[in-house]
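The structure under discussion appears below in the form of structure tokens.
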Amino acid sequence: MAHGHNSKEKVVFVGDSRVKKGSMVNIPPDFTAFPGKSEAFIPYFLLKEWMVGVVVLVGFLVLTIAHPAPLGYPADPMNAAFIPMPDWYFLFMYQLLKYPYVAGDYVVLGVMGIPGLAFGALLLAPFLDTGKERRFYRRPIASALMLLSLISVVYLTKVSWDHYQGQLEATGTKPEHIIREEKAREAYEKGQPAPSVVKRAKPIAIVAEDDPALELMKQNNCLSCHASDLNGNSGIPALRGIGDQFTKEELANVVTNGNGNMPAFKDKLSAAEIDQIATWLSKQKKAE
Amino acid sequence: MFKGIYNWIDERLDITPMWRDVADHEVPEHVNPAHHFSAFVYCFGGLTFFITVIQILSGMFLTMYYVPDIINAYASVDYLQHKVAFGGIVRAMHHWGASLVIVMMFLHTLRVFFTGSYKAPREMNWVVGMLIFFIMLGLGLTGYLLPWDNKAYFATKVTLQIAESVPYLGPYIKELLNGGEIVGAQTLTRFFAIHVFFLPGALLALLAAHFFMIRKQGISGPL
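If you read the protein sequences in the order shown, they are chains A and B. Each residue of the first sequence is one higher than the last, beginning at 1 in full-length UniProt numbering. Each residue of the second sequence is one higher than the last, beginning at 1 in full-length UniProt numbering.
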């Protein structure tokens, strides 16, 4: 080793590293200062905590099985009748903003003033309540403020929830996840599959599929790029519904002269054939 | 055999002091529910962590099916809920766990407050705990949008309107979260990223600080 252990040195390093040898010995502090029987965290104390945990876990799992997570209908921004509702633990703040003296012109008080004061005070509680006393009944101001806040939070939440229930009743609406559940149960009782609420866009149908123009297009390799089901490829437009986008003249022009990647067909096809194809393509409109 | 593996690692990394620090410390009687039943109030912190672990695990399984885009988000949640084996259970755990974690954290905060445990020298740990509280609220807020049903959509719309009414910064906050003019495709991906990466990252860092300080300072004494 490059250097031996010299007790005259001010800093003593561990081994040949630059890690200082600390004076702290890794012996956990004991709790002899506290009365009663202390015990080691693992495994003795953790086992007891785990017993409490198991009680909570069983209750939690019973809840998850008894009440599936709610799911309504897919978001529809055009739905004007939907009554918006935040999660229950935000209701007190939501309700607060409904009072006239913290909304409208005074909204700053509602979104910043009162919540800022309340949460700011909570965040900085140890610096506001600096006394040595820990028992809650010996520090009446802190405890009273906390109790007052608790009561207001519970009250605001309750008012907000009752208001929501009243709104539901007045408008005769049922929450969507409940309607969905009822419909699924009805279908199940009738032995039918659950009604699907996920809408998929229907493919656009081909108009006049037995027209000879389609056969003509197959012979001229149109479908090798536009796909045999006429749905197109990446960068190549689908021919289904193309009549909604272009007129017959425009289509005839593209087939005759080409456009971008589309080759010109004026040498391969006669004008009559191009007209036949363009006529057929212009008929490819989405069914209403 | 485990002893052998432990010794092999210990020879090289000297993990015994670390193990002592994490596991071998003494826990005093006044927080032990086996000695005093009322000491169960001291369990709320541990239960908050327990539910948080459940949230992280169930959330990891949910992302195996969830697709964060406006066309497929609802369909993927619907599929997960009704078609995937135990998918409904995992989603219910995440849904109800989100509420339960708020409840447990609330009770833990009240316990710490009314026992005066936030007083010197534990001020910093209280502040970190409050920051964890805010992160949890943020997780609840962002997670609410992800199923992309009407309830999620309109609640988020209202939330962002409220955010907009903050003086000066409001419109910027709204645009940052919205990712545009309306609640739409960008909003969903942003909320997903915040819910799954940003906030959990911050949460884990704060939890580490919280636990480190508890170990460093020990639990507060009996009243």
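The beta-carbon is built from N, C-alpha and C at its ideal position, and this holds for glycine as well.
request  = Please say whether Ala-155 (chain B) and Pro-43 (chain A) have beta carbons closer to each other than 8 Å?
outcome  = Locating residue 43 (chain A) in the first sequence gives position 43, counting from the first residue. Locating residue 155 (chain B) in the second sequence gives position 155, counting from the first residue. Against a cut-off of 8 Å, the Cβ pair of Ala-155 (chain B) and Pro-43 (chain A) comes out as no contact.
task = Report the option in B:Ile-162, B:Thr-63, B:Pro-121, B:Cys-43 whose CA atom is closest to the CA atom of Val-103 (chain B).
result = Within the second sequence, numbered from 1, the residue matching residue 103 (chain B) stands at position 103. It is B:Cys-43.
Contact check, Gly-59 (chain B) vs His-94 (chain B), beta carbons under 8 Å = Position 59 of the second sequence, counted from the start, is the residue given in the question as residue 59 (chain B). Position 94 of the second sequence, counted from the start, is the residue given in the question as residue 94 (chain B). It is a contact, given that the beta carbons lie within the stated cut-off.
ask   = Who are the neighbours of Met-93 (chain B) on chain A, taking C-beta pairs under 7 Å?
value = The residue you call residue 93 (chain B) lines up with position 93 of the second sequence. Under the 7 Å cutoff, chain A gives Thr-64.
task = Kindly indicate which three-state DSSP category Ala-125 (chain A) falls into: helix, strand or coil?
result = Residue 125 (chain A) sits at position 125 when you count from the first residue of the first sequence. Ala-125 (chain A) falls in the helix class under three-state DSSP.
task = Tell me whether Pro-100 (chain A) sits in a helix, a strand or coil according to DSSP, three-state version.
result = Position 100 of the first sequence, counting from 1, holds the residue named residue 100 (chain A). Helix, per DSSP.
request  = To the nearest angstrom, report how far apart Gly-232 (chain A) and Glu-176 (chain A) are at their CA atoms.
outcome  = Taking the first sequence and counting its residues from 1, one reaches residue 232 (chain A) at position 232. Taking the first sequence and counting its residues from 1, one reaches residue 176 (chain A) at position 176. Whole-angstrom Cα-Cα distance: 38 Å.
query = Between the segment 147 to 174 of chain B and chain A, which residues of the former have a C-beta closer than 7 Å to a C-beta of the latter?
reply = Pro-147, Trp-148, Asp-149, Asn-150, Lys-151, Ala-152, Tyr-153, Phe-154, Ala-155, Lys-157, Val-158, Thr-159, Ile-162, Ser-165, Val-166, Pro-167
task = Please report the residue range of the alpha helix (DSSP H) in which Thr-142 (chain B) lies.
result = Working through the second sequence from its first residue, we reach residue 142 (chain B) at position 142. Run containing Thr-142 (chain B): 123 to 145, per the alpha helix (DSSP H) assignment.
ask   = With contact counted as at least three CB pairs below 8 Å, one residue from each stretch, are the segment 77 to 90 of chain B and the segment 62 to 71 of chain A in contact?
value = Contact between the segment 77 to 90 of chain B and the segment 62 to 71 of chain A is present, because at least three Cβ pairs lie under 8 Å.
query = Under a three-way DSSP split, which group does Glu-209 (chain A) fall into?
reply = In the first sequence, counting from the first residue as 1, residue 209 (chain A) sits at position 209. Coil, per DSSP.
CA-to-CA distance, Leu-207 (chain B) to Met-130 (chain B), given in whole angstroms = Within the second sequence, residue 130 (chain B) is the residue found at index 130, counting from 1. Within the second sequence, residue 207 (chain B) is the residue found at index 207, counting from 1. Those two C-alpha atoms are separated by around 11 Å.
request  = With Asn-257 (chain A) as the anchor, note down where its alpha helix (DSSP H) starts and where it stops.
outcome  = To locate residue 257 (chain A), count along the first sequence from 1; it is residue 257. Unbroken alpha helix (DSSP H) run through Asn-257 (chain A): 248 to 257.
key: Met-262 (chain A): contacting residues in chain B (beta-carbon distance under 8 Å)   = Working through the first sequence from its first residue, we reach residue 262 (chain A) at position 262. Simply none; closest approach about 29 Å.
request  = Give a yes or no on whether 8 Å exceeds the smallest Cβ distance from Phe-92 (chain A) to chain B.
outcome  = Start at 1 with the first residue of the first sequence, and residue 92 (chain A) comes out as number 92. Phe-92 (chain A) does not count as touching chain B.
query = Any C-beta of chain B sitting closer than 8 Å to the C-beta of Ala-75 (chain A)?
reply = Position 75 of the first sequence, counted from the start, is the residue given in the question as residue 75 (chain A). Chain B contact via Cβ: present.
query = So what does DSSP say about Asp-244 (chain A), is it helix, strand or coil?
reply = Residue mapping note: residue 244 (chain A) aligns to position 244 of the first sequence, counting from 1. Three-state result, Asp-244 (chain A): helix.
ask   = For Val-197 (chain A), which residues of its own chain have a beta-carbon under 6 Å away from its beta-carbon, when the five flanking residues on both sides are left out?
value = Reading the first sequence from its first residue, position 197 is the one you call residue 197 (chain A). Cβ within range, chain order: Tyr-73.
ask   = If contact means a Cβ-Cβ distance below 7 Å, which residues of the segment 58 to 76 of chain B contact chain A?
value = Tyr-74, Ala-75
key: Residue nearest to Thr-142 (chain B) in terms of C-alpha spacing, selected from B:Val-127, B:Ser-165, B:Val-196, B:Asp-149   = Working through the second sequence from its first residue, we reach residue 142 (chain B) at position 142. Distance check between Thr-142 (chain B) and each of B:Val-127, B:Ser-165, B:Val-196, B:Asp-149 places B:Val-196 closest, using alpha-carbon atoms only.
ask   = Roughly how many angstroms lie between the CA atoms of Phe-40 (chain B) and Thr-157 (chain A), to the nearest whole one?
value = Taking the second sequence and counting its residues from 1, the one referred to as residue 40 (chain B) is at position 40. Taking the first sequence and counting its residues from 1, the one referred to as residue 157 (chain A) is at position 157. If you draw a straight line from the Cα of Phe-40 (chain B) to the Cα of Thr-157 (chain A), it is about 27 Å long.
ask   = Tyr-94 (chain A) and Ser-160 (chain A) look like a contact to me (Cβ under 8 Å); what is the Cβ gap, rounded to whole Å?
value = On the first sequence, residue 94 (chain A) is found 94 positions in, with the first residue counted as 1. On the first sequence, residue 160 (chain A) is found 160 positions in, with the first residue counted as 1. Contact holds; Cβ gap of about 6 Å.
query = Should Met-1 (chain A) go down as buried or exposed, given a rule of 16 or more other Cβ atoms within 10 Å for buried?
reply = In the first sequence, the residue the question calls residue 1 (chain A) occupies position 1. Because Met-1 (chain A) sits at a pLDDT of 43, beneath the cut-off of 50, its placement in the model cannot be relied upon, and the following sentence gives the value as read from the coordinates. Burial call: exposed.
Three-state secondary structure (DSSP) of Ile-71 (chain B) = Here residue 71 (chain B) refers to the residue found at position 71 of the second sequence. In this structure, Ile-71 (chain B) counts as coil in the three-state DSSP scheme.
Residue environment, Gly-191 (chain A), which counts as buried when at least 16 other CB atoms sit within 10 Å = What you label residue 191 (chain A) is simply residue 191 of the first sequence in a count that begins at 1. Exposed, because fewer than 16 other Cβ atoms sit within 10 Å of the Cβ of Gly-191 (chain A).
ask   = DSSP puts Ile-236 (chain A) in a beta bridge; with which residues?
value = Mapped onto the first sequence, residue 236 (chain A) falls at position 236. Paired residues: A:Asn-233.
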